[in-house]
Amino acid sequence: MNTTLEPKHKVKFLPIPKLEQYQIDSFWEKVDIKSQDECWNWKKSLDSWGYGHVGFWDKLYKTNRVAWYLVNGDIPDGMVICHRCDNPKCCNPNHLFLGTFKDNTRDCVRKGRLPSRHGELNNSAKLTNELARQIKTEYEASERGHRYFAKKYNVSPSCILRLCSGISFKNL
Ligand SMILES: [Zn+2]
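Heads up, the sequence shown is in my numbering, so the first residue is 10 and it goes up one at a time.
Structure (structure tokens):
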């Protein structure tokens with residue numbers, strides 16, 4: 010018997026609407042922003058799973074999804090935002106990554122998607138050490154943001170963020 014999740018178990022998340030600047034500002038004001046390596050906890054209401062919730066107009070959204078969205082753009086349909094820190098109320102974009110709906114936080118961690126200290130040995134690495142080093146050097150010398158490099162090197166913006174913030178490829 011197929012034990013994977015059937016479609017009826019799929020969680021349908023509302024796409025995050027285009028937000029006004031004041032909503033974005035008020036969102037980040039409710040996040041306990043720390044250094045880029047630490048968890049940024051949501052300071053307001055949590056659901057029974059420990060996830061932060063935020064209301065825009067008359068709808069509620071999970072704060073990890075909002076945080077990821079504000080940094081990376083639209084969340085592909087059916088995808089979930091996982092925490093590599095296993096802390097549901099964390100909104101640090103460096104701790105968030107895109108997963109499939111079957112992944113829950115613990116799964117994501119167990120599946121070895123935790124950023125590795127070994128760069129390309131990690132199975133989520135799409136870049137070779139050599140290329141990663143090149144991108145990092147270019148990024149640091151450039152005014153351009155992570156989205157530009159994501160396009161240029163055909164990897165996800167979060168991949169560039171992880172690389173350039175030192176979360177992945179710590180060996181460089
Ligand atoms: Zn965290």
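Here a beta-carbon is modelled for each residue, glycine too, at the ideal position from N, C-alpha and C.
Suppose the cutoff is 7 Å on Cβ atoms and the five residues either side in sequence are ignored; what does the same chain contact list for residue i look like?
i: R156; result: P166
i: N96; result: C48
i: W58; result: P97
Taking only the alpha-carbon atoms, compute the straight-line gap between residue i and residue j and give it to the nearest angstrom.
i: P124; j: I33; result: Any answer about P124 is weak, because its pLDDT of 48 lies below 50 and its placement is not dependable; what the coordinates show is given next. So the alpha carbons of these two residues sit roughly 28 Å apart.
i: K39; j: N180; result: 34 Å
i: K160; j: N81; result: 12 Å
i: R142; j: Q45; result: 20 Å
i: S174; j: K43; result: 14 Å
i: L130; j: F36; result: Annotation note: pLDDT 46 at L130 (below 50); position unreliable, no value reported.
i: F65; j: Y78; result: 14 Å
Should residue i be flagged as near chain D, meaning a C-beta pair shorter than 9 Å?
i: P166; result: You won't find chain D in this structure, because it holds only one protein chain.
By the three-class DSSP mapping on this structure, what secondary structure does residue i have?
i: F22; result: coil
i: V80; result: helix
i: D95; result: coil
i: D86; result: coil
i: W51; result: strand
i: K71; result: strand
Starting from the C-beta of residue i, find all residues in its chain whose C-beta is less than 8 Å away, skip the five residues before and the five after it, and write them out in chain order.
i: C100; result: V40, W49, N50, W51, G61, T72, N73, V75 and A76
Give me the Cβ distance between residue i and residue j, rounded to the nearest whole Å; I'm assuming they're in contact under 8 Å.
i: L172; j: I144; result: 6 Å
Near residue i, what residues of its chain come up, given a Cβ to Cβ distance below 6 Å and the 5 sequence neighbours on each side ignored?
i: S54; result: H62
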